[in-house]
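>
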Ligand SMILES: *Cc1c(COP(=O)(O)O)cnc(C)c1O
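Now the structure itself:
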C-alpha cells in the first residue's frame, strides 16, 4: 500500500486544471489593476452571487465564521439573548453565537436530513430567544417553512448557515434567499471554494445590508468616519476574481456531485444508512454521508483499501469542551449524539472518476465479508 491514498477524500487540483486559463487570466487582471481591497472584482462578485441566490445584497467577508458573527451582530444579537441552532454542525455555528455574548441553545435535528427539527426548535423557544440559525447541512436545506412560521409567530430572526449549500434549493427558493439573512463560506473545499479563506453574507433586507457594510469595514459610514464598533473582515480582490470564475461552473459541478451520489446510493449495500432528500428539497452533496453502527471499523477498512474518508462531525457542538459551561446532560440530544458515532463521509468531489467511485463501492460492499 502506498502512502498516497488512491481515492482522496477531496481533490481540487483536477477541477482547477480544468479552468486554469480562466483562473490565470482573472488573477493576473487583479495584479494588473492592483486594487487589492474592495475593488471591482469584489463588487462584481457581490452582485453576481446575490443574483445567483435570488437575494438583493451580498457583502463579501473574510470567511464563513465571520459571516455568521457579522450577521448575528447586524441582527442586534447580544448578551442576554438566546439563539437556537443545531448541535450536529461545524463548531462555528455555536462559537459565533457565543462571540456576541448571547447563549447558544442547541436542539435536535431530524434523523432523515440531519437538519433542525422544527418541533425541537419550537420546544427550545423561551422569552429570551431572538433568532434561529438553521444549518443547511451536507448540501440539503433545513425544513424552512415551519421554521419561518415559528419565527413569524414569535418575532424571531432567521439566519441561514448556508456554508455547505451553495445552489441548494428549498421549493422554488435557493439557500441564501429563504431566511432574513444567510451566511456562506468559500473555504476551498466547499461547493463554491476560494483559493484561501473567504465568505459572504447575503440578504434582501436593505437595513441589514447597510449594517453589514459598516460592520465588516471598520464601522465606517464613509471613509475615516466611524459610527459603530466595526471589524475588518473583507473578501479580498484576488479571492473575488477566483470566485467569479468558479461561480460560472457551480451548477455544472453540483450536477456532477449529484451524479456521483446517485451511483453511490444505487450500489451501496443496504447495511449502510444512505442520505435521503426530503420532498420539495434538493441535495447538492457538499458531503456524501452514510451511517454505520461499525463506523470506526468501516473507516479503518476503507483506509486499508487506500480510500480516504472523514467524519463530520465526531463531537457534537453541545459536547465540545468549550461549551461545557452550558451543562448539557449526556443524552440530552440523543440522535445528535448517536449520529456523531455513526456518520462517515465518503470521497465526494465533482471530478472524482468513475473508476474511483467503483473502488469506493467495491470496498464498502466487501466490508466485513
Ligand atoms: C465551513 C463551515 C463554516 C465556517 O466557514 P469558514 O469559512 O471555515 O469559517 C460554518 N458553518 C458550517 C456549517 C460550515 O460547514
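In the numbering used here, the protein residues as written are -1 to 367.
Positions of the beta carbon are idealized from the N, C-alpha and C atoms, including for glycine.
(1) Could you tell me if the beta carbon of residue 252 falls within a distance shorter than 6 Å of some heavy atom in ligand 1?
(2) When DSSP builds the beta bridges, which residues end up paired with residue 279?
(3) Exposed or buried, residue 280, counting other C-beta atoms within 10 Å across all chains shown (16 or more means buried)?
(4) Under 7 Å Cβ to Cβ from residue 371, same chain only, skipping five residues before and after it: list those, please.
(5) Just the C-alpha distance for residue 126 and residue 312, rounded to the nearest angstrom, thanks.
(6) Do the region 206 to 221 and the region 297 to 316 touch if we need at least three Cβ pairs shorter than 8 Å?
(7) Are there 16 or more other CB atoms within 10 angstroms of the CB of residue 35, so buried, or fewer, so exposed?
(8) Give me the residue from 190, 189, 182 and 192 with the minimum Cα distance to residue 201.
(9) Please determine if the region 102 to 111 and the region 243 to 263 are in contact, where contact requires at least 3 C-beta pairs separated by less than 8 Å.
(10) Closer than 6 Å: is that where the CB of residue 91 sits relative to any heavy atom of ligand 1?
(11) Using the Cβ count rule (16 or more neighbours within 10 Å means buried), how would you classify residue 369?
(12) What does the alpha-carbon distance come out to for the pair residue 101 and residue 230?
(13) Could you tell me whether the region 38 to 45 touches the region 239 to 246, where touching means 3 or more Cβ pairs closer than 8 Å?
(14) Tell me where the beta strand (DSSP E) around residue 198 begins and ends.
(15) Determine the burial state of residue -1: buried for a count of at least 16 other Cβ atoms within 10 Å of its Cβ, exposed for fewer.
(16) Is it true that the region 156 to 164 meets the region 14 to 33, where meeting means three or more beta-carbon pairs spaced less than 8 Å apart?
(17) Does ligand 1 have even one heavy atom less than 6 Å from the beta-carbon of residue 197?
(18) Shorter than 6 Å, the distance from the beta carbon of residue 129 to the closest heavy atom of ligand 1, or not?
(19) Only counting the same chain, and skipping five residues up and downstream in sequence, which positions put a Cβ closer than 6 Å to that of residue 357?
(20) With 7 Å as the threshold, decide whether the Cβ of residue 187 is near any Cβ in chain B.
(21) So what's residue 89 in DSSP terms, helix, strand or just coil?
(22) Whose C-alpha, out of 335, 221 and 52, is nearest the C-alpha of residue 314?
(23) Could you check whether residue 105 and residue 130 sit closer than 7 Å to each other, using their CB atoms as the reference points?
(24) Could you name the residues that DSSP lists as bridge partners for residue 102?
(25) In the DSSP output, what is residue 5 paired with across the bridge?
(26) Ligand 1 and residue 88: does any heavy atom of the ligand fall closer than 6 Å to the residue's C-beta?
(27) Report the rounded CA-to-CA distance for residue 21 versus residue 192, giving the unit in angstroms.
(28) Are residue 51 and residue 172 close, meaning C-beta to C-beta below 7 Å?
(29) Measuring straight from C-alpha to C-alpha, what distance separates residue 345 and residue 273?
(30) To the nearest angstrom, how far is it from the Cα of residue 73 to the Cα of residue 269?
(31) What residues in its chain sit with their C-beta under 8 Å from that of residue 359, if we drop five residues either side in the sequence?
(32) Entirely within the region 331 to 364 and at least 3 residues each: give me those beta strand (DSSP E) ranges in chain order.
(33) Across which residues does DSSP place residue 138 in a beta bridge pair?
According to the data block:
(1) no
(2) 168
(3) buried
(4) Residue 371 is absent from the structure shown; the chain starts at -1 and stops at 367.
(5) 30 Å
(6) no
(7) exposed
(8) 182
(9) no
(10) yes
(11) Residue 369 is absent from the structure shown; the chain starts at -1 and stops at 367.
(12) 24 Å
(13) yes
(14) 197 to 201
(15) Low confidence applies to residue -1: its pLDDT is 47, below 50, so where it sits in the model is not reliable enough to give any reading.
(16) no
(17) yes
(18) no
(19) 5
(20) The structure shown contains no chain B, having only a single protein chain.
(21) coil
(22) 335
(23) no
(24) 81
(25) 305
(26) yes
(27) 11 Å
(28) yes
(29) 14 Å
(30) 45 Å
(31) 261, 262, 265 and 266
(32) 341 to 344
(33) 281
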